[in-house]
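Accompanying notes for the structure given below.
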Amino acid sequence: MIKLESIITDLPDPACAGRFLERFAELHPRDHRRLMADEAVLSDVLALASFSPLIAQTLLQSPEHVAWLRRRRSGAAVRDKDEMLESLARFSLTNSQIEPHVQLARFRRRELMRIFLRDIRRLATIAEITDEISTLADAILEHALRLARQEMDNRFGQPLATDARGRKTPAEFCIVSLGKLGSRELNYSSDIDLLFIYSDDGMTSGSGSRGTVTNREYFVKLAERVIKLVGEASGEGSAYRVDLRLRPNGRVGPLALSLEETVRYYEETARPWERQVLIRSRSSAGDSGIFKDFSSRVEPFVFAADQDVAEALQNVLLSKQKIDLEQILARGFDVKLGRGGIREIEFIAQALQLAHGGRDSWIRSPHTLITLDRLRDRRYIVDAELTSLAEAYTFLRQTEHILQMENGLQTHTLPNEPEKRTLLARKMRFAGLSEFEAALEHHTAAVHNVFERVFDLEAVGDSNPAATESGGEETFIETPPTSSAAGPIDPDLDDQLISEFPRLAELLAALPENTSDLEGSGTQPEEETIIAAVLSAVSEHDPLGKQLGDLRREWHRQITRIIYSDAAGELSMTESKRLQTALAEASISAALKISERQTAHKFSRELRRFRPAVLGLGKLGSGGLDLDSDLDLILVFSADGHEGEEDVGPDLRLAAAKLAEGFVNALSGMTREGSIYRVDLRLRPFGKDGPLATSTTAFEEYLANRAAIWELLALVKLRGVGGDPELAREAEKRLRTIIHGRGSEVEQAELAAETRRIRHRLEVEKADRRSSRDIDIKYGEGGMLDIYFALRFLQLRENVPDEGRDRSTGHTLRQLMEHGSLSEELFRPLMAGYDFLSRLDHELRLTVGRTTRLPHANKKALEVIVRRLGLRSPAELYEHLTAHRIAVRAAFDRILG
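Positions in the sequence shown are counted from 1; adding 186 to them yields the working numbering.
Here it is, written out as structure tokens:
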């Protein structure tokens, strides 16, 4: 029996929730009956209605959103851009009778409802909430751009450019976001500040209905259409208000400029505040390569190496004083622009970035909280200031969010009426108005104190409190700290490694403390030491934020030690991967413990009879995790006294879902210290539509009766990597038996055909870029996936499961040959190909970063890779690569028939 009264009484505005429920019953009796039968969804819906009259009205108008919310409860909490685009495409298809701009407005409102629910439940940090709101805007802009591009191509044909050899190539387009969207800190009712850049001038192909026009005309019309799609108002409002005043020459400037014109403007004409705007800029839609080119060329003008500190601070202060003048007539406190408000925090960060970023690239992050953390590490602000600013930023942004979701308006002003302020205080989880106002005064005073300290140019000419506190003569303005200054004792080796391995340089630069423990031989990391360090880094007595921060800092220390030793030649590739796998498993265990402690606050009774385990797939499952690899995971649980899935009650399922959500957040959530791993849970039963955590019984039933062949292939490398050790071993053993049992039952021809189909699809989707000269060593023909798919096909066909500690690809190939399932003739090219491709992949990760493509134009990276592989030239590298790819593909074709 649902205890409705207890649900409503605990809400900040019980009367509003009650009125909504009565009205919902009147308008939608059938939906109301379903709602009343599901306590969890009812609680969510009433919470939304209590916090936001706007959402209450939306649910009354669109009751189908309630069913959608019910479905979303079992899905992943955070949706990335690709998932948003996929969902938007489905939404557009099912609402094709509606004008596109109305579709976008409706889709945005629906998604904001889901995000706001996580916000008011405090299931995510403020950084995670604003990041996902920004991702939503990116997806809508991308979708609108695709629609507009098709319309323009139909009218004018394709815009073309002429390359250095006189050949015609497509001209590309990029939507650059500025301001809060640019820093991924968008709020619920922000304007979006945009800048439109196209790659080259020229003419269109003229194949459309309107003939040929200049590229300038084409891209201006394209920009106009995008603006109309996302900004045109209907009876339901618009998706976004688009602000173009920050573009070159403001209101009088053309809507779209070529890359060369845009760069020239910021080099020669832009005022200081316009360059300051570019601190928070990025590509939101279109061709991101245009933005990368633009950013690299204007960065020296934004962060000048010879920037005078006092001048930089004065320029930012003038911008702030202009805002203060505009606020003189404002009524009520403005959490954004008021004294000690959000804008002061942002300007503190940006001023110090402009003052010192020319000499220290590490502090150039567009994100406010990340920037503040790095400024603390570089001693431009002290620990106490960082704590004050971060806590105030979170408090003020949460207040701003609640104000804006009241009625969907772009407001930052606190209400003057006592009853409205009291309601706001309750929504902010304060016992009363006086407690809320005391917190507001505390936070704004703390912010303004730091603001005054930073901008007190006469008292603190170097803006460096650390130097002032010590009373010494050292300053970090004349000699800002660098990664090499705090790094290994051998400066020549350190400089060489940083020059050759940009990914290592990033890791070293981000270390907050002295890195002398990385120096020289004899200090290679060891598996037991890594595991102990990670597990001991987190104290159960600390608040959640500190636990997450401590885990991230220790992980960062350990991954840097591993990669440094690897780059310095002190570790083999196999040793490096083994240690990285151990680090991941230790991090998984620590993250699970963090989540268990947090979940126990509400579900202690359920967790007492609950055993979770984490299963790893892919590189983690095979014990070969490498730098920047995703973690492919499945979270399972077993409950004492529960034999079947139908016996697991809703409370236990909810506890499992909360545990899984907290676990993923502990590993991948963005905090001030960044995140650790990208976590992929899509291989769980039912994929995105399945619960985040699955009982072992349900998983076994799914594998035995429902799993498709492609899922069996993906799950071959399944291995217990965390959680309850006994459950992990039991689950792995039982699930592996089912996987191989199912695999051996499938007709060989069907298994081969499905394996080839999946492999071909990935090759077409991921590697078929005809305009690129870069060879994809993973997805491309004869790449690593040929080996992986051939291997898993043979393991399923021949019923050869992974066993023992060594589950690497090389070991499994030898195991198949010894078993008689793979001839020596086919073993040799697969083994040699895997050895070469895996080493090449490893070097790519160190020298270039997260890519599967060999960068044809990156001569410096190629030289490093060639040397580390023991080859003589890039030409020889390509010869070896071509020979191995041909041999691997031939072996793949013979095995699959």
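Every residue, glycine too, gets a C-beta built ideally from N, C-alpha and C.
| Item | Value |
| --- | --- |
| Whole-number beta carbon distance between GLN981 and VAL902, since they are thought to touch under 8 Å | 5 Å |
| Integer Cβ distance of TYR374 from PHE302, believed to fall under 8 Å | 7 Å |
| Local conformation of MET389 per DSSP, three classes | strand |
| Identified DSSP bridge partners for ARG468 | SER363 |
| Where ASP196 sits in the DSSP three-state scheme | coil |
| Alpha carbon of ALA691 to alpha carbon of ALA753, nearest angstrom | 11 Å |
| Of the listed residues SER467, GLU984, SER725, PRO434, nearest to GLY365 (C-alpha basis) | SER467 |
| Distance, ALA884 Cα to GLY830 Cα | Interpretation of GLY830 is limited by its pLDDT of 47, a score under 50 that renders its predicted location unreliable; no figure is taken from the coordinates. |
| ALA535 beta carbon less than 8 Å from that of ARG411 | no |
| Presumed contact (8 Å Cβ cut-off) between SER363 and SER470, rounded CB distance | 4 Å |
| Own chain residues within Cβ distance below 8 Å of ARG525, not counting five before or after | THR630, HIS634 |
| Residue span of the alpha helix (DSSP H) that contains THR355, given as start and end | Unbroken run through THR355 is the beta strand (DSSP E), 354-356; no alpha helix (DSSP H). |
| At least 3 beta-carbon pairs within less than 8 Å: the segment 735-745 vs the segment 990-999 | no |
| As assigned by DSSP and simplified to three states, the class of ALA672 | Note that ALA672 has pLDDT 33, beneath the 50 cutoff, so the model's placement of it is unreliable and the number below is only indicative. It is coil, neither helix nor strand. |
| Cβ-based neighbour list, ASN593, same chain, cut-off 7 Å, excluding 5 preceding and 5 following | PRO239, LEU240 |
| ARG437 versus PHE277: straight-line alpha-carbon distance, rounded | 34 Å |
| Nearest-angstrom beta carbon gap, ILE820 and LEU867 [assumed within contact, 8 Å] | 7 Å |
| Buried versus exposed call for ILE188 [16 or more other C-beta atoms within 10 Å across all chains shown] | exposed |
| Every unbroken alpha helix (DSSP H) inside the segment 239-280 [4 residues or more] | 239-247, 250-259, 267-280 |
| 8 Å Cβ cutoff met for ILE531 and ALA578 | yes |
| Simplified DSSP state of GLY436, which is helix, strand or coil | helix |
| The alpha helix (DSSP H) enclosing ILE1081, as first and last residue numbers | 1060-1082 |
| Sufficient close CB pairs (3 or more, under 8 Å) joining the segment 600-608 to the segment 541-561 | no |
| Residues bridged to GLY909 [DSSP beta-bridge criterion] | ALA799 |
| TYR384 in three-state terms, based on DSSP | strand |
| Integer Cβ distance of PHE342 from TYR404, believed to fall under 8 Å | 5 Å |
| Identity of the residue in ALA223, LEU190, ILE194, ALA1047 nearest GLN682 by Cα | ALA1047 |
| When ARG1071, LEU228, GLU951, GLU771 are compared against ASP812, the one with the closest alpha-carbon | GLU771 |
| Nearest neighbour of PHE637, chosen from GLY544, LEU381, ILE567, ASP992 [CA to CA] | ILE567 |
| Unbroken stretches of the beta strand (DSSP E), 3 residues or longer, contained in the segment 280-366 | 346-348, 354-356, 359-364 |
| Own chain, CB closer than 7 Å to SER994, minus 5 neighbours either side, in chain order | SER808, GLY809, GLY810 |
| CA-to-CA distance, ASP230 to ALA442, given in whole angstroms | 44 Å |
| Length of the line joining the Cα atoms of ILE745 and HIS251 | 43 Å |
| Simplified DSSP assignment, three categories, for PHE1022 | helix |
| Terminal residues of the alpha helix (DSSP H) in which VAL636 lies | 619-641 |
| Per-residue DSSP class, three states only, for ASP866 | strand |
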